[in-house]
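Report on one structure; see the data block that follows.
In the working numbering, the protein residues as written are 104 to 741.
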C-alpha cells in the first residue's frame, strides 16, 4: 500500500502542474468555437461530395479546382494544386500510383422479360455512381451478355481453380479482396453483393479497389467488369438462380489512361520556417467518408485565419498547412517531393471519416495514437484537446492504439512526422455505401472534429518553451497511466513502457530552437526521473501475464536495412509470389515490425518490440523479411 500511495503522489503532482497551463488551451478552444462557421463547413462538405461521389479522375480534378478556389476565398496562402502521376507505373515509396480512369455510363440488366422493367435493371452509374466498381473495365460498344454464376464465401478456397470464363461472378465477399482469384478463374467480371450493413436494403457497397495485387488499378491489372447491387436486388438474383440459369447484359463506357491524381495544399502562414499539417482525403464517394474530412480541415484553417486576421489570436510561430488528397497515394507523393518541408513539419493530424450522427451507437470520436516507435507528446496532447472540447458538449470519446492503412504512416521514422487521427467511423452505418449522402452528416460532429483539429494545430504551431514544458507534463501524466497498465502485463512490458513514455516527454525538444534544447533538457530531467522512480515502485507488482514468443536463433544475426519510406503493399508482385505473407499495406504485424527496423536493431529485437506493442505472436519474422529481401524490398546489413 505504501508503494502504491507513493506512486500516486508522484503522478498526482504532475497532473496538478499540468493543469495550471490548461487555460491557454481553453482560450484557444473558446475562440475557435466562437469563430467556427458551421454553415460554411457544411457547404464545403457538399461541394466536395458533388464531384467526388462519381469517383473518376476528371471529377477528382473538378474537386481539386473547387477546393483551390475555396481555400483562396478562405484567406489561405500559397494555394497549389499538384498533379501526382496517375500512370499505373510510378511508385512513391513502394506504392504504385493508380492508372487514371473515367466512365461515361454503365448499366447492368437481367435478361428476363417476365420481370418488371424496374426489377430487371440492377445497376445504372448515372443514377447511382456506386452501382459501378471503381476502375471497372469497359465492355465493347454494344455491351456484353453473360451468365451470372454465384460464388459463395465458402468457394473462395477453390475459386482460382473454377472455370468462370465469360461469366459474371455474383460474389458474397467484396470482390476487390478476391479479384486475383477471379482473374485466375477467367471471369468476365464481378457483381458485388457484399455490404458492411445489410440493413441498408437499397444501399450499394462502394467497391473502391480493383488492382490484381493491391488497392489501385495499375498497368499490370486486369480490366474485369465490376458492379455492385443492393441486398434487395441480391435476394432477387439468388431467387432467380435457384430456378435456373440467369443471363444479364452489361454495358460499360469506361477508359483507362495516363493522367494525374490531383491534390491541393495551402497554408495559414506563420512567422518561422516550421510547419504543422492536417490531412483530409478527397477522391472518396461518401459525404461522411470523406467529404466531411475535407470540410473539417478546410474550415479549421479558415477559422484560424479569421481569428488571426481579427487579432483574436497572434500569428503562430509555425505555418499551418492543409493537404487534401487521395488517401495514401497523394500524401506519399507529397512526402517524396517535399523532403525539406517534411523535415520542417513538427506534427500532423489526419481527419478521416468524421461527422457521424450523434444519435447512433458507436459513432463517438476515436483518437488514434502514434505507433510506439514514434511515441510522442502529440499522443497525450490530442487526448487533452479532445477531452477539453468534448466535455463542453457532453460527448464521449475513445483513445485507440495506432492502426495502419491510412495516412498515419507519416509518423514512421523514415518520414518522422508524429501523426494522430480523429475518426468516428466505427459506428457509421453507411461507410463505403451509396447511402453515405450529405443528409446523413451531423453538423455537430463536423463542428467537433473541426474545432479539435484547429485547436490541436494552432497550439503546436505557436508552441515555445513554456508550451513545450506543459506538453511534457501532459506526457508525463499519461506515462504513469500507461505504466500502470503495463504492470498488469509483465515486468518486461513495464520496462518497455518506461522507454516509450520517456521518449514522449523528450519529444517536446523539437519545439524549441537547437540553442535552447540543452536548457530545456535539464528541465525535462526531473520528469524523466519521476517516471523512472515510478517504474521502480511499481515493479514489485508486475505480474507476467503476457508472453513474448522467442525469436529463432538466426533472427539475432539479421539486421534489416530499409530502402524506402512507408509500408510495403506488394502491389507490384503477383499474388502467387507472396508466399502466404500478408500485404504490408493493411496488416499490423509486418507494418509495425518494419517501422522498428532502423538498420541497427537485429531482427530478434524487432520481433520483441513488435510483440510488446501488439501482443504475442508466432508470426514468421525471419521468413517474412527474407521474403522481402528476396524481392528487393529491403536489404540485410552485412
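Using N, Cα and C, we set each Cβ at its ideal position, and we do this for glycine too.
Verify whether the separation of the beta carbon atoms of residue i and residue j is less than 8 Å.
i           : j           : result
residue 272 : residue 290 : yes
residue 179 : residue 371 : yes
residue 425 : residue 509 : no
residue 148 : residue 549 : yes
residue 132 : residue 658 : no
residue 556 : residue 582 : no
residue 351 : residue 211 : yes
residue 382 : residue 451 : yes
residue 654 : residue 545 : no
residue 192 : residue 228 : no
residue 753 : residue 733 : Only positions 104 to 741 of the chain appear in this structure, which leaves residue 753 out of reach.
residue 553 : residue 144 : yes
residue 514 : residue 454 : no
residue 560 : residue 438 : no
residue 634 : residue 601 : yes
residue 197 : residue 695 : no
residue 330 : residue 295 : yes
Quick one: grab the DSSP three-state call for residue i.
i           : result
residue 255 : coil
residue 569 : helix
residue 422 : strand
residue 501 : strand
residue 267 : coil
residue 295 : strand
residue 112 : Interpretation of residue 112 is limited by its pLDDT of 38, a score under 50 that renders its predicted location unreliable; no figure is taken from the coordinates.
residue 469 : strand
residue 134 : helix
residue 172 : helix
residue 260 : helix
residue 119 : Residue placement at residue 119 is poorly supported in this model, since its pLDDT is 38, which falls under 50; the coordinates still yield a value, given next. Three-state result, residue 119: helix.
residue 664 : strand
residue 646 : coil
residue 738 : strand
residue 195 : strand
residue 671 : coil
residue 452 : strand
How many Å lie between residue i and residue j at the Cα?
i           : j           : result
residue 430 : residue 642 : 43 Å
residue 493 : residue 391 : 20 Å
residue 187 : residue 312 : 19 Å
residue 721 : residue 705 : 18 Å
residue 538 : residue 307 : 7 Å
residue 285 : residue 316 : 12 Å
residue 533 : residue 547 : 18 Å
residue 616 : residue 518 : 20 Å
residue 397 : residue 568 : 32 Å
residue 156 : residue 232 : 7 Å
residue 130 : residue 467 : 24 Å
residue 320 : residue 237 : 9 Å
residue 216 : residue 224 : 11 Å
residue 584 : residue 592 : 13 Å
residue 419 : residue 628 : 28 Å
residue 348 : residue 251 : 7 Å
Between residue i and the rest of its own chain, which residues show a CB-CB distance below 6 Å, the 5 nearest in sequence each way excluded?
i           : result
residue 410 : 134, 138, 416
residue 240 : 326, 327, 328
residue 190 : 361
residue 167 : 184, 365, 367
residue 611 : 480, 571, 574, 575
residue 664 : 702, 738, 740
residue 793 : With the chain covering only 104 through 741, there is no way to say anything about residue 793.
residue 199 : 321, 674, 675
residue 483 : 577, 578, 581
Report whether the distance from the Cβ of residue i to the nearest heavy atom of the ligand ZN is below 7 Å.
i           : result
residue 701 : With respect to the ligand ZN, the structure offers nothing, as it holds no ligand at all.
For residue i, collect the residues of the same chain with a Cβ closer than 7 Å to its Cβ; drop the 5 residues on either side in sequence, then sort them by chain order.
i           : result
residue 62  : The requested residue 62 is not part of the displayed model; the chain covers only 104 to 741.
residue 246 : 352, 353, 354
Who are the near neighbours of residue i in its chain, counting only those whose CB is closer than 8 Å to its CB and skipping five residues on each side?
i           : result
residue 520 : 380, 445, 448, 449, 450, 451, 513, 514
residue 588 : 600
Item to check | In chain order, each alpha helix (DSSP H) run of at least 4 residues that lies wholly inside the segment 510 to 591 | outcome: Runs of the alpha helix (DSSP H) inside the segment 510 to 591: 546 to 564, 568 to 590.
Item to check | Length at least 4, wholly inside the segment 207 to 232: the alpha helix (DSSP H) runs in chain order | outcome: 220 to 223, all fully within the segment 207 to 232.
Item to check | Runs of beta strand (DSSP E) lying entirely within the segment 318 to 400, each at least 3 residues, in chain order | outcome: Whole beta strand (DSSP E) segments, 3+ residues: 328 to 331, 349 to 360, 362 to 371, 378 to 385.
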